[in-house]
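Structure first, then comments.
Numbering (the numbering used here), first residue to last: 92 to 339.
Set out below in structure tokens:
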């Protein structure tokens with residue numbers, strides 16, 4: 092609709108945009124009504140703070156991004172990512188800055204995310220993954236991801252709502268990484284929701300020996316930096332060539 096596009100284009104301070112589709116009209120359309128609308132909305136990215144489309148998720152389910160290699164998004168729901176990447180066999184980079192979640196469906200959404208990656212995205216090299224629940228099934232699926240995605244070079248864990256069991260989580264995670272990660276994994280970023288106990292910290296680097304040196308970055312760097320025992324281990328494994336770079 093040329094008139095609608097022109098109206099949006101002329102707005103000086105567009106903050107709220109709502110699109111409502113009428114089902115009885117959608118079948119009459121001869122071309123994609125979204126392409127031009129979305130292109131013009133890009134020009135309002137600095138002011139637009141609310142976007143609503145009543146059947147956006149339905150459209151995500153129908154679209155196949157078969158040639159997609161890189162997906163970078165600042166903020167998105169976990170289940171929406173699953174829709175986008177489920178047929179993206181050539182995806183190499185999935186970099187999400189901030190995953191949003193629904194607490195009622197978080198367990199299902201997060202495990203489906205892991206499965207979607209290892210079932211479809213075999214070529215993935217750089218992956219940002221939401222912190223999933225500290226549950227056995229989730230770690231089993233995560234280890235499948237590590238085992239099947241042999242091209243994975245960079246792994247970034249992004250905060251969700253998982254709190255209060257940071258050290259226990261770190262124990263499980265470090266064990267999974269040394270057990271199943273491919274030798275191509277060179278960069279790991281650990282979010283605030285995960286902490287390595289001193290024992291897990293040492294065990295992780297001890298078992299990492301024999302692999303290419305790893306760069307590991309901790310968002311909660313102060314937790315490690317304030318403790319001389321952690322810093323001594325870091326110095327030791329840097330000298331031994333286990334650690335390439337560490338963010339503490």
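Cβ coordinates follow ideal geometry from the N, Cα and C atoms, glycine included. Predicted model only: the values in this text are computed from it and were never measured.
Under the three-state reduction of DSSP, residue 187 is assigned to strand. Contact between residue 305 and residue 335 holds: CB atoms are separated by about 6 Å, below the 8 Å threshold.
Secondary structure note for residue 280: its beta strand (DSSP E) is the uninterrupted segment 278-281. For secondary structure counted as the beta strand (DSSP E) over 3 or more consecutive residues, the stretch 264-333 holds these complete runs in sequence order: 278-281, 305-309. Counting of Cβ neighbours within 10 angstroms places residue 98 among the exposed residues, the total staying below 16. Rounded to the nearest angstrom, the gap between the Cα atoms of residue 241 and residue 249 is 21 Å. Setting aside the 5 residues that flank it on each side, residue 303 is surrounded in the same chain by 274, 277, each with a C-beta closer than 7 Å to its C-beta; the list follows chain order. Here DSSP, grouped into helix, strand and coil, assigns residue 222 to coil.
Beta-bridge pairing by DSSP links residue 245 to 217, 278.
Taking the Cα positions, residue 169 is about 9 Å away from residue 193. With 16 or more other Cβ atoms inside 10 Å of its own Cβ, residue 261 counts as buried.
Annotation for residue 163: the continuous beta strand (DSSP E) segment containing it runs 161-168.
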